[in-house]
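S.K.:
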Amino acid sequence: MSKPTFTDLKAFQAVAEHRSFRRAADLMGVSRSSLSHTMRTLEQRLGTRLLHRTTRSVSLTESGEQLLLRLSPLLSDLEAILEDASSAEGKITGRLRINGSEGAVRLLLQTVVPRFLALHDDVELDLVAEGRLVDIVEQGFDAGVRLREAVPQDMIAIPVGTELRFLAVASPDYLRGRVAPKTPDDLAFHQCIKQRLPSGKLYRWEFQQHGQDMAVDVPGALTLDSSQLMVEASVDGLGIAYVPESYALAYLKDGRLVTVLEEWCPRIPGLCLYYPNNRRVPPSLRAFIDLLRELRT
Numbered sequence: 001m002s003k004p005t006f007t008d009l010k011a012f013q014a015v016a017e018h019r020s021f022r023r024a025a026d027l028m029g030v031s032r033s034s035l036s037h038t039m040r041t042l043e044q045r046l047g048t049r050l051l052h053r054t055t056r057s058v059s060l061t062e063s064g065e066q067l068l069l070r071l072s073p074l075l076s077d078l079e080a081i082l083e084d085a086s087s088a089e090g091k092i093t094g095r096l097r098i099n100g101s102e103g104a105v106r107l108l109l110q111t112v113v114p115r116f117l118a119l120h121d122d123v124e125l126d127l128v129a130e131g132r133l134v135d136i137v138e139q140g141f142d143a144g145v146r147l148r149e150a151v152p153q154d155m156i157a158i159p160v161g162t163e164l165r166f167l168a169v170a171s172p173d174y175l176r177g178r179v180a181p182k183t184p185d186d187l188a189f190h191q192c193i194k195q196r197l198p199s200g201k202l203y204r205w206e207f208q209q210h211g212q213d214m215a216v217d218v219p220g221a222l223t224l225d226s227s228q229l230m231v232e233a234s235v236d237g238l239g240i241a242y243v244p245e246s247y248a249l250a251y252l253k254d255g256r257l258v259t260v261l262e263e264w265c266p267r268i269p270g271l272c273l274y275y276p277n278n279r280r281v282p283p284s285l286r287a288f289i290d291l292l293r294e295l296r297t
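Following full-length UniProt numbering, the numbering of the sequence shown begins with 1 at its first residue and continues without gaps.
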């Protein structure tokens, strides 16, 4: 019987750490059936069961726990050696996985990504856009991009882009015949386009003026879960929306939207790329960070 390969051991590590064939298969870019076959072959080669499998869960046997404990640092060291060897020759290789909101990924695509791919064409850049905030370590990502206030405190954060601003906007047609709100409390007399967060909760609109913070549960008959759709609904006269400035900018310039409560909408710290502070930074992520910093200067 042949000995396990490096790929076999990496596959076991992915399944063992994520306790999921689906998640490990997605991370490795293979099918679940292929990954399951690899695990069965590995167990046959080692002559021991490594995983307990049910239709709903995966857990480690005692042998699996011992193998993972001893294997993980060895694989980490080997990957570091191979990455250092490649980067020493001026070539950065591998796969760089970054998770972020749709707006964050859009910003990366408009700024750093084109140049990064031109400089490092041997790197496979995997950008995943989703609304919910995930544990990037648990989900197998090298880094995440979120608003600074959402970055976990135990992460290293690198600013991306500039400060952001949320604006309350409405169409002239909606405001015609109505008194525009002068304070956040006045929103109680308006139709507002509410936002449902990925967690399922409704977003409380947050305002600030002269050091005074306000969070408002706004009224409204329409709830959406997309900033772009909220802007389009506001353009159609369905109510006041509260969205990142970048989504509304084009409509503000051509007059299809106007701002309300603008003095209550200060700029806030923008997006940050973040990654664990207790892990070795792979060369691909280091190169991405260096390019981010270069573009900010």
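Idealized CB from N, CA, C, for every residue including glycine. On a predicted model such as this, the values are computed, not experimentally measured, just so you know.
Any idea if SER199 is buried or exposed, counting beta-carbon neighbours within 10 angstroms, 16 or more meaning buried?
M.R.: exposed
S.K.: Do you know whose CA, among THR183, LEU167, ASP173, ALA241, lies nearest ARG196's CA?
M.R.: ALA241
S.K.: In terms of residue numbering, what span does the alpha helix (DSSP H) encompassing HIS37 cover?
M.R.: 32-46
S.K.: Beta-carbon within less than 7 angstroms of GLY220's beta-carbon, same chain only, minus the 5 sequence neighbours each way: which residues are those?
M.R.: Closer than 7 angstroms at Cβ, skipping near neighbours: GLN191, CYS192, ILE193, LYS194, GLY239.
S.K.: Using DSSP with H/G/I as helix, E/B as strand and the rest coil, what is ALA233?
M.R.: helix
S.K.: Could you tell me the distance, in whole angstroms, from the CA atom of ASP225 to the CA atom of GLY47?
M.R.: 51 angstroms
S.K.: With burial defined as no fewer than 16 other Cβ atoms inside 10 Å of the residue's Cβ, what is the status of ARG97: buried or exposed?
M.R.: buried
S.K.: Whole angstroms is fine: what's the gap from LEU291's alpha carbon to LEU257's?
M.R.: 36 angstroms
S.K.: On the three-state DSSP scale, how would you describe GLY100?
M.R.: strand
S.K.: What residues match up with ALA180 in a beta bridge as DSSP calls it?
M.R.: Answer is none; ALA180 lacks a bridge partner.
S.K.: Thinking ARG146 and ALA104 are a contact (beta carbons under 8 angstroms), I'd like their distance in whole angstroms, please.
M.R.: In this structure ARG146 touches ALA104 by the C-beta definition: roughly 7 angstroms separates them, less than 8 angstroms.
S.K.: With a threshold of 8 angstroms, are at least 3 pairs of Cβ atoms found where one atom belongs to the stretch 150-162 and the other to the stretch 35-45?
M.R.: no
S.K.: May I ask you to report which of helix, strand or coil DSSP gives PHE21?
M.R.: helix
S.K.: Under 8 angstroms by Cβ, that's how I've got residue 314 and GLY144 pegged, so tell me the actual separation to the nearest angstrom.
M.R.: Residue numbering for the chain in the displayed model covers 1 to 297; residue 314 lies beyond these limits and cannot be assessed.
S.K.: Could you tell me the boundaries of the alpha helix (DSSP H) in which ALA287 lies?
M.R.: 283-296
S.K.: If we ignore side chains and look at the alpha-carbon of each, how far apart do TRP205 and ILE136 end up?
M.R.: 27 angstroms
S.K.: Please report the distance separating the alpha-carbon of ALA24 from that of LEU35.
M.R.: 8 angstroms
S.K.: If contacts are defined as beta-carbon pairs under 8 angstroms, then LEU164 and PRO244 qualify, I think. What distance do you get, rounded to the angstrom?
M.R.: 6 angstroms
S.K.: Between the beta-carbon of THR259 and the beta-carbon of ALA168, is there less than 8 angstroms?
M.R.: Cβ distance < 8 angstroms, so THR259 and ALA168 count as in contact.
S.K.: Per DSSP, what are the beta-bridge partners of ARG146 in this structure?
M.R.: In DSSP, ARG146 forms a bridge with CYS272.
S.K.: Can you name the residues that DSSP bridges to CYS192?
M.R.: ILE240
S.K.: Taking DSSP as the reference, what is the three-state secondary structure of ASP126?
M.R.: strand
S.K.: Just mark GLY64 as buried or exposed, buried being the case when its beta carbon has 16 or more other beta carbons within 10 Å.
M.R.: Flag for GLY64 reads buried.
S.K.: Would GLY211 be called buried (16 or more neighbouring beta carbons within 10 Å of its own) or exposed?
M.R.: By the neighbour-count rule (16 or more Cβ atoms within 10 Å), GLY211 is not buried but exposed.
S.K.: Could you pull out every residue in the same chain whose Cβ sits closer than 6 angstroms to the Cβ of residue 313, ignoring the five residues on either side in sequence?
M.R.: The first residue shown for the chain is 1 and the last is 297, placing residue 313 beyond what the model contains.
S.K.: Return helix, strand or coil for ALA221, following the three-state DSSP convention.
M.R.: coil
S.K.: Can you check whether the CB of LEU51 is closer than 8 angstroms to the CB of LEU60?
M.R.: yes
S.K.: Hey, would you say CYS272 sits closer than 8 angstroms to VAL151, going by beta carbons?
M.R.: Yes, the pair counts as a contact, with Cβ atoms nearer than the cut-off.
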